[in-house]
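Asker:
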Amino acid sequence: MGAAEEPQEPSGPPRIARRSLLGWSGAAGVAGLAAGGAGGFLAGRRQGDDAAAADAEADDSTRARLTPSDDHASVRRLPMGLGDRIPAFGTVLAFDLSPAARRAPDQARTAAIDFLTHVSRLADHAATASSFPTDRDTLDPQATAAASLDLRPASLQITPGVGASLLAACGVEHQRPEAFIDLPSFATDRLDPGLSHGDLLVQVGAEDPLKMSGVVQAVMSYVRTQLRDSVRLRWSRPGFRNTAAASSDPATTSRNLMGHRDGTDNPALRTPLWQISVQAQSPGWMTGGSYLVARQILIDLDAWFTHPESGRDKVIGRSTATGAALGQHRESQPVDLSARRSDGEPAVPAHAHIRLASPQNTGGARIYRRSWNFDDGYRDGRRRAGLMFLAWQADIRLGFLPIQHALTRHNDALNRFTTHIGSAVFAVPARGDDAYVGQRLLEA
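Numbered as in our numbering, the sequence shown ends at 495 without a single skipped number.
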């Protein structure tokens, strides 16, 4: 559907004590080694046992992606929340500097530092406490949404980032990484400028919608009261996934509004493939960070569900029921693009979404999907719903871009049901030990 170093001692504001966020799944690599050993041990068994072992192995690999990790040092080198399990509810907010703040680079930097410092402090507190403090000198109690104050942290994740336009406004465009590109126009785009771009990013996620709402309220209240002359909301998009409590098996991949599993082929967290695909290696201010492509995709669900399930499965290339690629039996089995049906036709059709987006057809391109669904209800009798598609990668040129080119140029069967209405790209630095996210960029 569209498309994965040690910081220098900073000057400026004093450091803020923080606790590492809880990570998820450092065990995938170990599980893979163990599975390899088991595969060798079972090599002499009969074919039926081999297949059963392979399926069990695949299940272990899938579950490993959702296993908590104690590697706090590693988590601290990631963008906030990226190494955590995707919570059920999320909101993505994009902000712009005001024209007044853009008059001079020093003014732009001051506004950006104020904003990122406050959001980073919110994120620090989210990792360590069940409610926001009530000391007016730290966080305004009127900004904390009283409905959520008696709730546990509920998997709170607060992730700040920056747009390329912010670098230009702050006079640090020379520090823009080559991997941080602007996206070209795609033939399938119908972009609304009011749903696209942005100088600053805040992504908020939580397992409880009240807790998420409280954080969004805190961010917006600070912007309105403390930064009203320098920062303005550009767009926001709330979204949701199925909750762990409602899932028959919380380890299974979440479904989107079309009924299909979303993110099946994600690289397993903390594996070498994940690190290469998702974590940026340079320059210094982005080491350990990641680049986010955020696409708001409207889906014509009325048209989608007029087709029989078998037809919908051919569009995607996977079974609705199992999540398995067509020609396979389990979601976790690798996609086999050479598989054939009994009539000799490809099991995965020529224009199926997963065939065109496959690393085999995109020069090895990979992204890490952490998306949410959205539903704006009905307008003029038609449902306005879709996907807040979030693709993380180490280099946009090697991740989202070749995948989206393939889907657009080669007539992805899903294109007839989807319309890209919003698009934004952000650089999301790792937190490390900096006083706030982006300090090494803005105070270099």
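Glycine included, every Cβ here is placed at the ideal spot set by N, Cα and C.
1) On the premise that Val255 lies in contact with Gly141, defined as a C-beta separation below 8 angstroms, what is that separation, rounded to the nearest angstrom?
2) With DSSP as the reference, identify every bridge partner of Asn412, one or two as the case may be.
3) Would you call the stretch 451 to 459 and the stretch 306 to 320 in contact, with 3 or more CB pairs under 8 angstroms?
4) Counting only the same chain and skipping the five closest in sequence on each side, list residues whose C-beta sits under 7 angstroms from that of Phe468.
5) Can the beta-carbon of Glu258 be found less than 8 angstroms from the beta-carbon of Ser206?
6) Taking Cβ positions only, does Val488 come closer than 8 angstroms to chain D?
7) Three-state secondary structure (DSSP) at Ala445?
8) Tell me where the beta strand (DSSP E) around Asp147 begins and ends.
9) With a threshold of 16 other CB atoms inside 10 Å of the CB of Arg279, please say whether the residue is buried or exposed.
10) I'd like to know whether the C-beta atoms of Gly290 and Phe425 end up nearer to each other than 8 angstroms.
11) Could you tell me the alpha carbon to alpha carbon distance between Pro235 and Met309, rounded to whole angstroms?
12) Beta-carbon separation of Arg420 and Leu388 under 8 angstroms?
13) Who does Phe231 pair with in a DSSP beta bridge?
14) Which residues bound the beta strand (DSSP E) around Gly214?
15) Give the secondary structure of Ala390 by DSSP, where H, G and I count as helix, E and B as strand, and everything else as coil.
16) Give a yes or no on whether the C-beta atoms belonging to Arg128 and Ala478 are separated by under 8 angstroms.
17) So, do the stretch 216 to 230 and the stretch 244 to 251 have three or more beta carbon pairs nearer to each other than 8 angstroms?
18) Buried or exposed: which applies to Pro211, given that a residue is buried once 16 or more other Cβ atoms fall within 10 Å of its Cβ?
19) Specify, as a first and last residue, the run of the beta strand (DSSP E) that Phe451 falls within.
20) Give me the Cβ distance between Ala345 and Val143, rounded to the nearest whole Å; I'm assuming they're in contact under 8 angstroms.
21) Decide if Asn466 is buried, meaning its Cβ has at least 16 other Cβ atoms within 10 Å, or exposed.
22) Considering only residues of the same chain and omitting the five flanking positions on each side of His461, which have a CB-CB separation below 6 angstroms?
23) Spatial neighbours of Val170 within its chain, please: C-beta separation below 6 angstroms, excluding the five flanking residues on both sides.
24) Is the separation between the beta-carbon of Arg433 and that of Ile232 shorter than 8 angstroms?
25) In whole angstroms, what separates the C-alpha of Ala194 from that of Met263?
26) Closer than 6 angstroms by C-beta to Glu360: which residues in its own chain qualify, once you throw out the five before and the five after it? Chain order, please.
27) Cα-Cα, which of Asp431, Ala436, Ala302 and Ile327 is closest to Glu382?
28) Residues in the same chain with beta-carbon distance under 7 angstroms from Arg417, minus the five sequence neighbours each way, listed in chain order, please.
29) Where does His380 land, buried or exposed, given buried means 16+ other C-beta within 10 angstroms?
30) Does the beta-carbon of Ala152 have 16 or more other beta-carbons within 10 angstroms, so that it is buried, or is it exposed?
31) Out of Gln347, Pro130 and Trp423, point me to the one whose CA is closest to Asn307's CA.
32) To the nearest angstrom, how far is it from the Cα of Val213 to the Cα of Leu246?
33) Decide if Val476 is buried, meaning its Cβ has at least 16 other Cβ atoms within 10 Å, or exposed.
34) In angstroms with no decimal places, state the Cα-to-Cα distance between Ala79 and Leu324.
Answerer: Considering the structure as presented:
1) Between Gly141 and Val255 the beta-carbon gap is near 6 angstroms, inside 8 angstroms, which marks them as a contact.
2) The partner list for Asn412 (beta bridge, DSSP) is empty, contrary to what the question assumes.
3) no
4) Ile350, Asp351, Ala354 and Trp355
5) Against a cut-off of 8 angstroms, the Cβ pair of Ser206 and Glu258 comes out as a contact.
6) Absent from the structure: chain D. Only one protein chain is present.
7) coil
8) Phe140 to Leu148
9) exposed
10) yes
11) 27 angstroms
12) It is not a contact, given that the beta carbons lie outside the stated cut-off.
13) Paired residues: none, contrary to the question.
14) Taken as a continuous stretch (DSSP letters only), the beta strand (DSSP E) holding Gly214 covers Gln208 to Gly214.
15) coil
16) no
17) yes
18) buried
19) Note, Phe451: premise wrong, no beta strand (DSSP E); alpha helix (DSSP H) at Phe451 to Arg460.
20) The pair is a contact, with the Cβ atoms about 6 angstroms apart (cut-off 8 angstroms).
21) buried
22) Leu407
23) Excluding residues within five positions, the ones whose Cβ falls inside 6 angstroms are Pro211 and Val253.
24) no
25) Residue placement at Ala194 is poorly supported in this model, since its pLDDT is 45, which falls under 50; the coordinates are not used for a value here.
26) Around Glu360: Thr371.
27) Ala302
28) Here the set comprises Ala55, Pro318, Ser328, Pro410 and Gly450.
29) Flag for His380 reads exposed.
30) buried
31) Trp423
32) 16 angstroms
33) buried
34) Confidence is the limiting factor: at Ala79 the pLDDT is only 31, short of 50, which leaves the residue's position unreliable and the question unanswerable from this model.
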